[in-house]
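Participant:
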Amino acid sequence: MTEPSELERVSPVPTPQSPASAPAAHTDTQAAIERAVQQGLESERRSSAQGADLERLTRQLRYREAVDQRLLRLGVGAIVFILSAGWLAADVTLTLAAGWGELGGRPFRLESSVLVAFLTTSTATVIGLFLVFLRWLYPQTGGAEEREPERDRP
């Protein structure tokens, strides 16, 4: 056997890799890339599933709000109707009592100015109450508030 030279003793000569170890390194790299891609796909699936859940929950919340608003408007509408019907019944009762001169078997008399004032204010109140309720029930969207005022053209 020959003795190694001084150069070989100081820096060993790298031995060439066997052909079997080269594909092993390549498959390790390929496996690492596969894992990274799979993790990315799983992350995208999770985020899209979370987005779908968020969209579904948003639709459910909007539906519940619409149902609650409908029930609220139905209740308020019933109250406004009962109040208006009672007010108009009082108008008719007082008008008939003033015309006949008695109310419940007792004499009843109102000055004509009082009767006119009562009928006028009660009619205005009932119309105003219905108007306010109907504007709340059917809100105007995209109305005159969004339009720009027309400018005079020279």
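Residue numbers (the working numbering): 1 to 154.
Where a beta carbon is used, it is the ideal one built from N, C-alpha and C, also for glycine.
Can you give the Cα-Cα distance for Leu7 and Gln30, rounded to whole angstroms?
Facilitator: Taking the first residue of the sequence shown as position 1, residue 7 is located at position 7. Taking the first residue of the sequence shown as position 1, residue 30 is located at position 30. At Leu7, the pLDDT of 48 sits below 50, so the modelled position is not reliable; the number obtained from the coordinates is stated separately. Leu7 and Gln30: Cα-Cα distance of roughly 38 Å.
Participant: Any contact of the region 126-140 with the region 72-85, i.e. 3+ C-beta pairs under 8 Å?
Facilitator: yes
Participant: Counting along the chain, where does the alpha helix (DSSP H) carrying Gly128 start and finish?
Facilitator: Residue numbering aside, residue 128 sits at position 128 when the sequence shown is read from its first letter. From DSSP, the alpha helix (DSSP H) with Gly128 extends over Ser112 to Leu137.
Participant: Please confirm if the region 60-76 is in contact with the region 95-109, defined as three or more CB-CB distances below 8 Å between the two stretches.
Facilitator: no
Participant: When you compare only the Cα positions, how much space is there between Val126 and Gly51?
Facilitator: Counted from its first residue, the sequence shown places residue 126 at position 126. Counted from its first residue, the sequence shown places residue 51 at position 51. So the alpha carbons of these two residues sit roughly 49 Å apart.
Participant: So what does Glu102 bridge to, in DSSP terms?
Facilitator: Locating residue 102 in the sequence shown gives position 102, counting from the first residue. Looking at the DSSP assignment, Glu102 forms a beta bridge with Pro107.
Participant: For Gln140, name the three-state secondary structure that DSSP assigns.
Facilitator: Taking the sequence shown and counting its residues from 1, one reaches residue 140 at position 140. Looking at Gln140 - three-state DSSP - the assignment turns out to be coil, as it is neither helix nor strand.
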